[in-house]
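As given, the protein sequences belong to chains A and B, one line each in that order.
So the working numbering is basically just the index in the first sequence, starting at one, shifted up by 583.
So the working numbering is basically just the index in the second sequence, starting at one, shifted up by 750.
Virtual Cβ for every residue (Gly too), placed ideally from N, Cα, C.
Here the structure comes first, spelled out in structure tokens, and everything after it is commentary.
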Amino acid sequence: MNFLFTPRPGPQVWLWVLGATILFGALLAFLHTLPGRQKKLLIVVSTFLAGLFYFLEFMIPTTVGGGPEGNFLSGGVEPLADFVLVIGMMALGLGIINLARVQGRILLRMRAGWQNAFIFFVGLIGMTVIGIMHDVYPAETSVWTPLYNFFFTGLYTPLASTTFALLAFFIASAAFRAFRITSVESTLMMITAFIVMLGTVGSEVVTGWIPETSPFAILKLDNITLWIMTTVNMSAQRALLFGIAMGELAIALRVWLSLERGHFFEQEV
Amino acid sequence: MEHATPFMAVVLLVLSGIILYNILTARGGRDLFIRRIPGLAAIDEAVGRATEMGRPLLFSPGLFGLGVETLQALSVLGHIIRLAARYNSRVIVPVCDAQVYPIAEEVAREAYNQEGRPELYNADDIRFLSDRQFAYASGTVGIMNREKVAANFFFGGFFAEALILAEAGREVGAIQVAGTPSTTQIPFLIAACDYTIIGEEYYAASAYLTRDPVLLGSLVGQDWSKVALLLLIFFGAILASLGLLTVLHWIQIQLGMPAGALV
Chain A
584 MNFLFTPRPG PQVWLWVLGA TILFGALLAF LHTLPGRQKK LLIVVSTFLA GLFYFLEFMI
644 PTTVGGGPEG NFLSGGVEPL ADFVLVIGMM ALGLGIINLA RVQGRILLRM RAGWQNAFIF
704 FVGLIGMTVI GIMHDVYPAE TSVWTPLYNF FFTGLYTPLA STTFALLAFF IASAAFRAFR
764 ITSVESTLMM ITAFIVMLGT VGSEVVTGWI PETSPFAILK LDNITLWIMT TVNMSAQRAL
824 LFGIAMGELA IALRVWLSLE RGHFFEQEV
Chain B
751 MEHATPFMAV VLLVLSGIIL YNILTARGGR DLFIRRIPGL AAIDEAVGRA TEMGRPLLFS
811 PGLFGLGVET LQALSVLGHI IRLAARYNSR VIVPVCDAQV YPIAEEVARE AYNQEGRPEL
871 YNADDIRFLS DRQFAYASGT VGIMNREKVA ANFFFGGFFA EALILAEAGR EVGAIQVAGT
931 PSTTQIPFLI AACDYTIIGE EYYAASAYLT RDPVLLGSLV GQDWSKVALL LLIFFGAILA
991 SLGLLTVLHW IQIQLGMPAG ALV
């Protein structure tokens, strides 16, 4: 198995890529020829086997036929993760085709916003070329390095940071609505938020005069804040997490045993 | 790599057994009750409102990759598209993860087919935008503004972009329903959305919406599993309070069990 997943040096890698492409192309063509029932059976069996592998890998003790890091199945985890990664990369190609189809139609028919579609294609093609060339010629003196730095570090990164910075304004407007006192619950939330905010930034000013050794030290705002965050807030968060964990376990079982397939794969389309 | 301790393995098997038992009995025709969840009941209202206004709906399946959270979101998506298809409404689905994109396409196509309206399926409405968080957020906000969406559904795992999406949706006047297992984003979504489904309610969504016996049974199994976990916590607290954990530690050492096997 490891033979298949060992990185290949030099031009040999291209032969492997070509071989894998032909193999998977043939496999996909074969799968397309299968009748619906057999396709469904294949999905059920492969889902079960993949799930069984991870289930057993987790459940079998590390003392069974493995090294200090795992059992006899643990060696397969990394190659399988690589396999999933490769499938994911193929899906990325599908995503790009979808984007190009949607934007291409807008551009060709000169619909409203065609300028955005044009910029999309310039960005997609330009950044793909620059990114690949930067990887091929990574030297600082290469012409591709400043281009890559300009478009990725100089353009994309600040744009993403600007979008992130918008959060500050959105938090302010959302908080304004959330803290309006309209019910008992919102009043409680307002008071709690006020204490936590004050305890985080202004505790020393308001209750700093209470000595730590005093029996009233529990009334210091930072201590009240700590109690709210570690006792009230944490217990609520953990209660949520328990519910979420049970939900995830249930859906994982349904998917693994194909009890849920009606939602995704049962109907022929 | 993490592996189960004997205790963890037993707990996992028992909880899985409880869930599977309830699924099997529900399949056998057992009648099960599920309480009303306002956030999920609001989905019908939101679709109806969008239909009256003649404007599209937007469904974001979140930023998480292909995992249980996203599969659950896609399950809700299928229901929303079926509803929308009945009323001739359009659903736009911006997708962030390339692996989720073909599955979202398939779910949408299947939902339109189930309602007997395959002609309503428009491949351009299932859009892969970007796998970059804020590029995705910007793209989705752009769609909300350009298409003047009447309703937004945010189901799935979200990060910091949750509030950007929800506030932008509020600005365009859309009715918004959110459901997420991301505990850190729940407060933001509660503040910005009309209805928010939190915690295990998120995983109850497909059972609530479809009333499928398998899903209902699974939901009841989840509840019983939580009862089992609560009992475990309760007895653990009692044992710890009485100092009996030391005894379990001693037994563990005497039996030569690895650390964590019992306590």
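For N902(B), the three-state secondary structure derived from DSSP is strand. Close to A743(A), with beta-carbon spacing below 8 Å, are these residues of chain B in chain order: R882, Q883, F884 and A885.
Minimum Cα-Cα distance from L816(B) among the listed residues P852(B), G798(B) and L1005(B) corresponds to P852(B). If you ignore the 5 residues before and after E855(B), its C-beta comes within less than 8 Å of the C-beta of A873 and I876, all in its own chain and listed in chain order. H753(B) has a beta carbon lying within less than 7 Å of a beta carbon in chain A.
Straight-line spacing of the CA atoms in F733(A) and S725(A) works out to 14 Å. Burial is judged here by how many other beta carbons sit within 10 angstroms of a residue's own beta carbon; A848(B) has at least 16 and is buried. Residue burial annotation: I948(B) is buried, with at least 16 other C-beta atoms found within 10 angstroms of its C-beta.
By the CB criterion at 7 Å, L827(B) and V850(B) fall outside the cutoff. DSSP places R837(A) within a helical segment (H, G or I) once states are collapsed to three. Within the model, the alpha-carbon separation for Y637(A) versus L832(A) is close to 14 Å.
With three or more CB-CB distances shorter than 8 Å, the region 950-962 of chain B counts as touching the region 819-835 of chain A. The C-alpha of Q1002(B) is placed about 8 Å away from the C-alpha of A1009(B).
Sixteen is the threshold: when 16 or more other Cβ atoms of the shown chains lie within 10 Å of the Cβ of I769(B), as they do, the residue is buried.
For G619(A), no Cβ of chain B is located within less than 7 Å of the residue's own Cβ. Assigned with DSSP and collapsed to three states, I807(A) falls in helix. Listed by position along chain A, the residues whose Cβ is nearer than 7 Å to that of E917(B) are F753, S756 and A757.
Under the 7 Å criterion on CB atoms, F814(B) is classed as non-interfacial with respect to chain A. For the pair V784(A) and L804(A), the CB atoms are not nearer than the 7 Å cut-off.
Annotation: S839(B) is outside any alpha helix (DSSP H) and is labelled neither H nor E by DSSP. Note on the region 975-1008 of chain B: whole alpha helix (DSSP H) runs with a minimum of 4 residues are 995-1004, in chain order.
Contact between the region 900-908 of chain B and the region 693-703 of chain A is absent, with fewer than three C-beta pairs closer than 8 Å. Just so you know, the alpha carbons of V997(B) and F666(A) end up roughly 47 Å apart. Within the region 831-843 of chain A, E831, L832, A833, I834, A835, L836, R837, V838, L840, L842 and E843 place their CB atoms closer than 9 Å to a CB of chain B, listed in sequence order.
Sorting P590(A), E640(A) and G830(A) by C-alpha distance to the C-alpha of H753(B) places E640(A) at the top. Just so you know, the alpha carbons of P618(A) and L624(A) end up roughly 10 Å apart. Going by beta carbons, M773(A) and F762(A) fall inside the 7 Å limit.
At least one CB of chain B lies nearer than 7 Å to the CB of Q820(A). As a beta-bridge residue in DSSP terms, I947(B) pairs with G929(B). When the beta-carbon positions are compared, P806(B) and A823(B) stay at least 7 Å from each other. Note: S810(B) is bridge-paired with F904(B) in the DSSP secondary-structure output.
Straight across, the Cα-Cα distance linking G634(A) with G929(B) is about 26 Å. Considering only beta carbons, the part of the region 968-986 of chain B lying closer than 7 Å to chain A consists of S968, G971, Q972, S975, K976 and L979, in chain order.
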